[in-house]
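Student: Dropping a structure here in structure tokens format, bear with me for questions.
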Amino acid sequence: MNEHIQLIAFINLSITSTMAAIHQYCSLLNTITITLMLTIIAKPVVVSATFQPSPWTFANATFYGDETASATMGGACGYGNLFVNGYGTDTAALSSTLFNNGYACGTCYQIKCVQSKFCNTNVPYTTVTATNLCPPNWSQASDNGGWCNPPRSHFDMSKPAFMKIAEWKAGIIPIMYRRVPCARKQGFRFSFQGNGYWLLVYVMNVGGGGDIANMWVKGSRTGWIRMSHNWGASYQAFATLGGQTLSFKITSYTTKETIFAWNVAPSNWRAGLTYSTPINFH
1 MNEHIQLIAF INLSITSTMA AIHQYCSLLN TITITLMLTI IAKPVVVSAT FQPSPWTFAN
61 ATFYGDETAS ATMGGACGYG NLFVNGYGTD TAALSSTLFN NGYACGTCYQ IKCVQSKFCN
121 TNVPYTTVTA TNLCPPNWSQ ASDNGGWCNP PRSHFDMSKP AFMKIAEWKA GIIPIMYRRV
181 PCARKQGFRF SFQGNGYWLL VYVMNVGGGG DIANMWVKGS RTGWIRMSHN WGASYQAFAT
241 LGGQTLSFKI TSYTTKETIF AWNVAPSNWR AGLTYSTPIN FH
């Protein structure tokens, strides 16, 4: 009889222990489930850095140069030969209000002619890249020749680009414009100037917002070195970088997106050459 009672007690104890273990397991499972749910709910949303078009804004446009657009070569942004570097004739010089001390270099705009008998009604708009500065002309009134005087927003377009939306004899036309993403084939292009102790880099073919806020360079024997904005689309670093493979870190002015371009230039890089990378902003 005693053995029978002891057996029943043992079985009850085992059942109680098992139930307690199951209850503890379920409590732990519930805790894990709630934690995971809270983690998922609290996870920050990642916002795409893709550049979005801006609203349409009123301004005016003129043109400079002739049909060959030879007068647009070079320019304040430092892009040099616009044909060789992929910009062609669809370019414009911006008034200083828009130029933003060169930070607007490479930005893209849709421009349409409005409220003028000289508008080309067959072309709704044309797209241009900012490659130059239209400086103020303080000897003339802002509404009579000094078209690029602050605070005016003005586009001095290449003649071929202007003639897509209006007759050239108009001289000046009212327009609507908006910033749009820059559709670029391939990636960034880095044009080097300087020497082994001072590196000046012109950054071209920038996609997305088209602009650059900050830039860093890294040699194969250095850490990241912040480059200073020189002018236009150029950035410089006073550092000993000769004989090193060079990488770059670039932040967009508009979207704040940052991209790493690794091993852009080999250790035997030279001033006067241009180096490419397959990556770009979107």
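Using the UniProt record's numbering, count along the sequence shown one by one with no gaps and you end on 282. We put the CB at the ideal spot given by N, CA and C, even for glycine.
Helix, strand or coil: how does DSSP classify T254 here?
Tutor: By 1-based counting over the sequence shown, the position of residue 254 is 254. The answer is coil: DSSP assigns T254 none of H, G, I, E or B.
Student: Who are the near neighbours of K43 in its chain, counting only those whose CB is closer than 8 Å to its CB and skipping five residues on each side?
Tutor: Taking the sequence shown and counting its residues from 1, the one referred to as residue 43 is at position 43. With a pLDDT of only 34 at K43, under the threshold of 50, the placement of this residue in the model should not be trusted, and no figure is reported.
Student: Per DSSP, what are the beta-bridge partners of L98 in this structure?
Tutor: In the sequence shown, residue 98 corresponds to position 98, counting from 1. Partner(s): none; L98 has no beta bridge.
Student: Quickly, what does DSSP pair Y197 with across the bridge? List them, please.
Tutor: Residue numbering aside, residue 197 sits at position 197 when the sequence shown is read from its first letter. Y197 pairs with nothing; no bridge assigned.
Student: Considering F162, what are the terminal residues of the alpha helix (DSSP H) in which it resides?
Tutor: Along the sequence shown, one-based indexing puts residue 162 at 162. 159–165 is the span of the alpha helix (DSSP H), which, as asked, contains F162.
Student: Could you check the C-alpha separation between N268 and G219 for me, to the nearest Å?
Tutor: Counting from 1 along the sequence shown, the entry for residue 268 is found at position 268. Counting from 1 along the sequence shown, the entry for residue 219 is found at position 219. Using only the alpha carbons, I get a separation of about 12 Å.
Student: Starting from the C-beta of A265, find all residues in its chain whose C-beta is less than 6 Å away, skip the five residues before and the five after it, and write them out in chain order.
Tutor: Mapped onto the sequence shown, residue 265 falls at position 265. These residues qualify, in order along the chain: L246, Y275.
Student: Tell me which residue opens and which closes the beta strand (DSSP E) that K218 is part of.
Tutor: Working through the sequence shown from its first residue, we reach residue 218 at position 218. Its beta strand (DSSP E) spans residues 214–219.
Student: Within 10 Å of its beta-carbon, does Y197 have 16 or more other beta-carbons around it, so buried, or fewer, so exposed?
Tutor: For this step, residue 197 is matched to residue 197 along the sequence shown. Exposed, since its Cβ has fewer than 16 Cβ neighbours within 10 Å.
Student: Cα separation between M157 and A93?
Tutor: Reading the sequence shown from its first residue, position 157 is the one you call residue 157. Reading the sequence shown from its first residue, position 93 is the one you call residue 93. About 6 Å.
Student: May I ask which residues mark the beginning and end of the beta strand (DSSP E) holding T274?
Tutor: On the sequence shown, residue 274 is found 274 positions in, with the first residue counted as 1. Run containing T274: 274–276, per the beta strand (DSSP E) assignment.
Student: Do S252 and G187 have their CB atoms nearer than 8 Å?
Tutor: The residue you call residue 252 lines up with position 252 of the sequence shown. The residue you call residue 187 lines up with position 187 of the sequence shown. No, they are not a contact pair.
Student: Within the continuous beta strand (DSSP E) that includes C113, where are the two ends?
Tutor: Taking the first residue of the sequence shown as 1, we reach residue 113 at position 113. C113 -> beta strand (DSSP E) spans 108–113.
Student: The beta strand (DSSP E) with S228 in it runs from where to where?
Tutor: Taking the sequence shown and counting its residues from 1, the one referred to as residue 228 is at position 228. S228 -> beta strand (DSSP E) spans 224–231.
Student: Starting from Y64 and walking both ways along the beta strand (DSSP E), at which residues does that stretch end?
Tutor: In the sequence shown, the residue the question calls residue 64 occupies position 64. Per DSSP, Y64 belongs to the beta strand (DSSP E) from 57–64.
Student: Using only alpha-carbon positions, find the residue among P160, N149, N132, Q110 that is nearest to S139.
Tutor: Here residue 139 corresponds to residue number 139 of the sequence shown, with the count starting at 1. Among P160, N149, N132, Q110, the Cα nearest to that of S139 belongs to N149.
Student: Among the residues of its own chain, which have a CB less than 6 Å from the CB of W56, if the five just before and after it don't count?
Tutor: Here residue 56 refers to the residue found at position 56 of the sequence shown. So the qualifying residues of the chain are M176, R178.
Student: Measure the alpha-carbon distance for H23 versus I279 and round it to whole angstroms.
Tutor: Here residue 23 is taken as the residue at index 23 of the sequence shown, counted from 1. Here residue 279 is taken as the residue at index 279 of the sequence shown, counted from 1. A caution first: H23 carries a pLDDT of 47, below 50, which makes its placement in the model unreliable, though a value can still be read off. C-alpha separation (whole angstroms): 54 Å.
Student: For Q244, which residues does DSSP report across the bridge?
Tutor: As a position in the sequence shown, residue 244 is number 244, starting the count at 1. DSSP output for Q244 lists no bridge partner at all.
Student: For L241, which residues in the same chain have their Cβ closer than 6 Å to its Cβ, ignoring the five residues on either side in sequence?
Tutor: As a first step, residue 241 is located in the sequence shown; it is residue number 241 there, counting from the start. Taken in chain order, the residues that qualify are L199, G219.
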